[in-house]
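**Q**
Residue numbers (the numbering used here), protein chains in the order written: chain A, 20 to 704; chain B, 460 to 992; chain C, 615 to 715.
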């Protein structure tokens, strides 16, 4: 591609990125009614979508587009800002703009009637801007900036209903946990900058880039004239992964995501299911060459563990959005696992398919919540409208929602014919292939992934059965017969549109073989082991056969018999219900620990540091007092003493001066007489 | 053209005029002060625009300074000691120029917030303008004696401004502030005298107070106390190291660093809003500026030697300040401690002696100047309305004061280092510099940068927690309905001040080259000087 | 012939009476009288002892001189007393204490 087309492509991508920012700024700065901005935002995001499609067409399977400008200079380092669009970013750009556009349209009806609606549109604009920026930027510094900005817009959107206590606690938690991860990211950036003196992604991570030229020599990580101990390479990888783990809600930084469900459901679907949480995976994809084998192993282990843990928690939750949130964590764990085992393409592929079906799951759940909420408002019921224990039989009232959600659920389970089948099996198969080359112990990773996928089948079918089958349990509780309606038309259109993306043809014309998916081919990293490998047939068969059995099991539990075995007293159940006690542990150890520390530091500051200063002050005053006493009593005392002695003598002598001549004369006489008497006697002797 | 003199003395002249005017016009004093400061701001903007950051790097060469003014001031013949040579010597380079712009803008904002001052206006505005003069003088002075004169001149108005217009414990705070600073500067005077007797002007052969001559090792008299070659010792410590430490303590008190920071929360809490703004926005920067301009430039060898300790002090300040901020219930005290934390990044960046680190530190000072002014201004807004600023006494302010909350969020997020605002660039590069230091000059270990970054996390924690406690949730005020009536949203004057500050922070965050381009050459020159030893 | 001792006794008695008057009287005139008595006692002594100076009678000459002096002194003293009385309306010397302290 020549320079001119490169430039136009960049401009297209840039405009696509800036359109949402325009709606952010425009809505906030131009005053008007509190529900302004809907039309403006949708127009802008649609335009972005259009441009993203153009960019995608221009870039896909073409040479990388890269343009940059000088941004600023520090010392001798020149920092550049630019746009780097390869297949990965073009794909992400398209995915984000598509889902964002759909969610915008969905929100039109879903958020209707909310006071301060303009803020919602503005925040969505800010989010889309940062997300677009995140995927197209070419510098780690800018990537970090957008990375934090998506966290910030997520903060704003989770706390959109800021009068709710839970919402503002959730957004604080989300931001702080993400901040913790960001520190990892920043550490990674510092290491990279120190070693390579640049933060340009294409220079660093492209084929034959700086990172691939750096070598390990005698325990040192060497690049041209720089070297540092090779532990820093591992630390860099771990640091970046730590950042990604926070954003993608991986263990141990996953606890913010379930709480983030306090935001509007449309936000959850866009940010906390489809796009922002996938940014961690995207980041790993962008900087993949930096990871050495130890780090990859860590990533795989954490991914597998997170997937398993979140799936077990999802089994026993009753809040419809929380189930989906844990499902998201679990699926992100799958992507991380894929990254860890080297299945880079499959990870991204799963990211894409997951974005669609999880977004759809959320939006359908949103439709259900929307209607339940209406019911609650209408009859002034005191219920939790997100509790699946109160739902049931909704398929009769909301058939379209039911069908779309079912499709998404099937995709999540990975039933053949859906997009999920392709991507999930790709990950499982590659995990097994990877474990071939590892020590026996690491076989646990693919097997845990396998178990996780069966757990997935159970919790999602439980959700579907409990919500849509049977009869409305709310009737039993309130002793009334309620009826619901299908969601508003605009919302159902969006659901249908998304549902089509859950089917295989969009991703591969062969419904069974993931290798033929154009995404995997486009990302150009298919493992070269052919289909001869036994795993390629065995695993899909095993997964699906068993998954169908599990679905049937949950069908008998929740629909046919209407009664499931009561396990709620077992220790494992409670362990899962309390989300493995992570929140409690974090609260008790870290949060309370830091608060305690801060209070004691403040006490220290007041008592010791300030106390010392005050003591010094008081000591000075004391010494001053002492010296003043000395001065008055001793130094001045001598002077005054001399004076007063004179005075005393004077006072004494004064008494002789009576002023009476006769006294004087008597004295004179006495003295003369005594003089004579003395003389007389002295002569006599 | 004596632009710098104009910049320095316009406020002084305005202050004198205010003193001469009869008191019946006291409601109009503020307009006179405003006029003076606006002129000053325009002048400094002119200076900024005409400042050539590439060629004129300054630091130790007079010809590389811009807008130099050098007049003989005191020439006293001391017989056998030679002539006393004190110059009225002004000039700016990349290290000082940004602070001129910062100071004049912060002064404007502080003046806008002094609209709330009601008593003894004559004294207030005269002292305010005197302070302005002193501050500008400190940043422009290149003669150590002149510098010291301006440096001490700052204390006087501040003492009275805190002591007379402050809160309940204002006298305690004022005296604490005064003594703390004086403690530092008295010893500084000894070092200045020592330097005077060690340095001669190469042209006239007289002893001199000229800072630029002090930076050149060739100008030191052989065998004099601060001569690098003579290697003299005082109390068993090398004299140059001791002098560095003394000067460092003098400036570190201003910055402030842990454990010399305890004047700051008290002074801030007791000071009236405009003085808090000036304290946080400008005075703390004088500490950092002094460390760069004087400690590092005149005693580079000692600076290198103690860099590890400076870095450690920086890291400790960052984390200690942030932890303290987390424990506060008084909003103003919280922000005061957050200043300690943020200025820790400055120390860390400076200690790294890398271009990223020092640029980051400079940027952090500028950015903190804007943001802390904004934060103190915001605290002042609710304090003047209800005379309370205890965090637990407010809840759900977002519902009744939406514009105010917007600006609070901007200020909070900007100061916790949200990308797009200046603090992010500043903190990121301070940390990058500190991290890079081990590879470039081996001064700071890498863990310092990593620990320092924890400050960013804690910063997010205390600010967001405050946001949650005070602004979100359902409105509940300690003062009930009465407060609700009094807590009106921002007025136009306040919005103007806050907008100008947030625009500056945003601009510097998006286009950091606005600042970096002007100071780049100076920073590089400084590093060259320090590494030369 | 009257022995010398008798003169001495008379003179001593006179002197003692004079001293008594000077020391005890609260009236300036009486004090003056006392002084005169003491003076006369002295003169009497002078005259008495002049008996032994037969050739020049200097004792008697001296006595005469003393009598004249005494007369002058009395004149001056009386004038002072008169003035004091005019000023203070009293001639009790204990009450005239303007210069005290």
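Heads up, the beta-carbon is just placed ideally off N, CA and C, and yes, glycines get one too.
Which value, in whole angstroms, describes the spacing of the CA atoms of residue 547 of chain A and residue 364 of chain A?
**A** In the first chain, residue 547 of chain A corresponds to position 528, counting from 1. In the first chain, residue 364 of chain A corresponds to position 345, counting from 1. Because residue 547 of chain A carries a pLDDT of 47, less than 50, the predicted location of this residue cannot be relied on, and the following value inherits that uncertainty. About 13 Å.
**Q** Can you find a C-beta in chain A that's less than 8 Å from the C-beta of residue 972 of chain B?
**A** If you number the second chain from 1, residue 972 of chain B lands on position 513. Yes, residue 972 of chain B lies at the interface with chain A (some Cβ there is under 8 Å from its Cβ).
**Q** What does a CB cutoff of less than 6 Å around residue 487 of chain A pick up in its chain, not counting 5 residues either side in sequence?
**A** For this step, residue 487 of chain A is matched to residue 468 along the first chain. Around residue 487 of chain A: 413, 414 and 421.
**Q** Check for me: the beta strand (DSSP E) holding residue 85 of chain A runs from which residue to which?
**A** If you number the first chain from 1, residue 85 of chain A lands on position 66. It spans 84-93 - the beta strand (DSSP E) in which residue 85 of chain A sits, taken as one unbroken run.
**Q** For residue 736 of chain B and residue 839 of chain B, what's the separation of their Cα atoms in angstroms?
**A** As a first step, residue 736 of chain B must be located in the second chain, where it is residue number 277. As a first step, residue 839 of chain B must be located in the second chain, where it is residue number 380. For residue 736 of chain B and residue 839 of chain B, the distance between alpha carbons rounds to 9 Å.
**Q** Ends of the alpha helix (DSSP H) at residue 997 of chain B?
**A** Residue 997 of chain B lies beyond the stretch modelled for chain B, which goes from 460 to 992, so this question has no answer here.
**Q** Which value, in whole angstroms, describes the spacing of the CA atoms of residue 651 of chain B and residue 861 of chain B?
**A** Here residue 651 of chain B is taken as the residue at index 192 of the second chain, counted from 1. Here residue 861 of chain B is taken as the residue at index 402 of the second chain, counted from 1. Each residue's Cα considered, the two are about 52 Å apart.
**Q** Could you tell me how far apart the beta carbons of residue 352 of chain A and residue 265 of chain A are, in whole angstroms, since I believe they sit closer than 8 Å?
**A** On the first chain, residue 352 of chain A is found 333 positions in, with the first residue counted as 1. On the first chain, residue 265 of chain A is found 246 positions in, with the first residue counted as 1. Not a contact, Cβ separation roughly 14 Å.
**Q** Would you kindly work out how many angstroms separate the C-alpha atoms of residue 611 of chain B and residue 756 of chain B, rounded to a whole number?
**A** Position 152 of the second chain, counted from the start, is the residue given in the question as residue 611 of chain B. Position 297 of the second chain, counted from the start, is the residue given in the question as residue 756 of chain B. Spanning the two alpha carbons is a distance of roughly 21 Å.
**Q** Is the shortest distance between the beta-carbon of residue 982 of chain B and the beta-carbons of chain A less than 8 Å?
**A** Position 523 of the second chain holds residue 982 of chain B. Yes, residue 982 of chain B counts as interfacial toward chain A.
**Q** Quick check on residue 247 of chain A: does DSSP put it in helix, strand or coil?
**A** On the first chain, position 228 is the one that residue 247 of chain A refers to. Looking at residue 247 of chain A - three-state DSSP - the assignment turns out to be strand.
**Q** Applying the 10 Å Cβ sphere with the 16-neighbour rule, what's the burial state of residue 452 of chain A?
**A** By 1-based counting over the first chain, the position of residue 452 of chain A is 433. Buried, by the Cβ-count rule.
**Q** Rounded to whole angstroms, what's the CA-CA distance from residue 933 of chain B to residue 854 of chain B? Just pull it up for me.
**A** The residue given as residue 933 of chain B occupies position 474 in the second chain. The residue given as residue 854 of chain B occupies position 395 in the second chain. Each residue's alpha carbon lies about 7 Å from the other.
**Q** Output, in chain order, the set of chain C residues within a Cβ distance shorter than 7 Å of residue 5 of chain A.
**A** The requested residue 5 of chain A does not occur in the structure, where chain A is confined to residues 20 to 704.
**Q** Quick check: what's the CA-CA separation for residue 570 of chain B versus residue 477 of chain B?
**A** Along the second chain, read from residue 1 onward, the residue named residue 570 of chain B stands at position 111. Along the second chain, read from residue 1 onward, the residue named residue 477 of chain B stands at position 18. One C-alpha to the other measures close to 15 Å.
**Q** Quick one: which chain A residues come within Cβ less than 9 Å of residue 610 of chain B?
**A** Along the second chain, one-based indexing puts residue 610 of chain B at 151. In chain order: nothing, as chain A lies at least about 22 Å away.
**Q** Which ranges does the alpha helix (DSSP H) cover as unbroken runs of at least 4 residues, wholly within the region 470-525 of chain B, from first to last along the chain?
**A** Listed in chain order, the complete alpha helix (DSSP H) runs (minimum 4 residues) inside the region 470-525 of chain B are 488-508.
**Q** Between which residues of its own chain and residue 66 of chain A is the CB-CB distance below 6 Å, once the five residues before and five after are set aside?
**A** Start at 1 with the first residue of the first chain, and residue 66 of chain A comes out as number 47. Same-chain partners within the cutoff: 38.
**Q** Rank B:780, B:691 and B:679 by C-alpha distance to the C-alpha of residue 717 of chain B and give the top, closest one.
**A** Here residue 717 of chain B refers to the residue found at position 258 of the second chain. Selected option, being the one with the closest Cα: B:780.
**Q** Provide the residue span of the alpha helix (DSSP H) that contains residue 544 of chain B, from first to last.
**A** What you label residue 544 of chain B is simply residue 85 of the second chain in a count that begins at 1. Unbroken run through residue 544 of chain B is the beta strand (DSSP E), 542-551; no alpha helix (DSSP H).
**Q** Looking at residue 810 of chain B and residue 773 of chain B, is the spacing between their C-beta atoms short of 8 Å?
**A** Position 314 of the second chain, counted from the start, is the residue given in the question as residue 773 of chain B. Position 351 of the second chain, counted from the start, is the residue given in the question as residue 810 of chain B. A contact, by the Cβ cut-off of 8 Å.
**Q** What number of angstroms, rounded off, separates the C-alpha of residue 163 of chain A from the C-alpha of residue 939 of chain B?
**A** Within the first chain, residue 163 of chain A is the residue found at index 144, counting from 1. Within the second chain, residue 939 of chain B is the residue found at index 480, counting from 1. Roughly 44 Å between the two C-alpha positions.
**Q** If contacts are defined as beta-carbon pairs under 8 Å, then residue 983 of chain B and residue 516 of chain B qualify, I think. What distance do you get, rounded to the angstrom?
**A** As a position in the second chain, residue 983 of chain B is number 524, starting the count at 1. As a position in the second chain, residue 516 of chain B is number 57, starting the count at 1. Their Cβ separation, rounded to whole angstroms, is 7 Å, which keeps residue 983 of chain B and residue 516 of chain B in contact under 8 Å.
**Q** When you compare only the Cα positions, how much space is there between residue 473 of chain B and residue 584 of chain B?
**A** Here residue 473 of chain B refers to the residue found at position 14 of the second chain. Here residue 584 of chain B refers to the residue found at position 125 of the second chain. Looking at the two C-alpha atoms, the distance is approximately 9 Å.
**Q** On the DSSP letters alone, give me the boundaries of the alpha helix (DSSP H) that residue 72 of chain A sits inside.
**A** Sequence index remark: in the first chain, residue 72 of chain A carries index 53 (1-based). From DSSP, the alpha helix (DSSP H) with residue 72 of chain A extends over 57-78.
**Q** Looking at the structure shown, is residue 281 of chain A part of a helix, part of a strand, or coil, going by DSSP?
**A** Counting from 1 along the first chain, the entry for residue 281 of chain A is found at position 262. In this structure, residue 281 of chain A counts as helix in the three-state DSSP scheme.
**Q** Quick one: does residue 521 of chain B have its CB under 8 Å from some CB of chain D?
**A** Protein chains A, B and C are contained in the structure displayed, whereas chain D is not.
**Q** Go through its chain and collect everything with a Cβ distance to residue 835 of chain B's Cβ below 6 Å, but skip five positions before and after it.
**A** Reading the second chain from its first residue, position 376 is the one you call residue 835 of chain B. Closer than 6 Å at the Cβ level, and outside the excluded window around residue 835 of chain B, lie 735, 736 and 739.
**Q** Under 8 Å, do residue 316 of chain A and residue 256 of chain A count as touching if we go by C-beta distance?
**A** What you label residue 316 of chain A is simply residue 297 of the first chain in a count that begins at 1. What you label residue 256 of chain A is simply residue 237 of the first chain in a count that begins at 1. Cβ atoms of residue 316 of chain A and residue 256 of chain A: not closer than 8 Å.
**Q** Using the C-alpha atoms, what's the distance from residue 374 of chain A back to residue 167 of chain A?
**A** Indexing the first chain from 1 puts residue 167 of chain A at position 148. Indexing the first chain from 1 puts residue 374 of chain A at position 355. So the two alpha carbons sit approximately 21 Å from each other.
**Q** What residue from A:334, A:232, A:61 and A:411 has the CA that sits closest to residue 591 of chain A's CA?
**A** By one-based count along the first chain, residue 591 of chain A stands at place 572. Comparing Cα-Cα distances from residue 591 of chain A to each of A:334, A:232, A:61 and A:411, the minimum goes to A:334.
**Q** Helix, strand or coil, according to DSSP, for residue 669 of chain B in the structure here?
**A** Numbered from 1 along the second chain, position 210 holds the residue referred to as residue 669 of chain B. Note: residue 669 of chain B maps to strand in three-state DSSP.
**Q** My output table needs one value for residue 486 of chain A: the three-state DSSP class, helix, strand or coil.
**A** As a working mapping, residue 486 of chain A is identified with position 467 in the first chain. If DSSP states are grouped into helix, strand and coil, residue 486 of chain A belongs with the helices.
**Q** Give the DSSP bridge partners of residue 98 of chain A, in chain order.
**A** Here residue 98 of chain A is taken as the residue at index 79 of the first chain, counted from 1. Looking at the DSSP assignment, residue 98 of chain A forms a beta bridge with A:91.
**Q** Kindly indicate if chain A contains any beta-carbon less than 8 Å away from that of residue 924 of chain B.
**A** As a working note, residue 924 of chain B is residue 465 in the second chain. True, the Cβ-Cβ gap to chain A drops below 8 Å.
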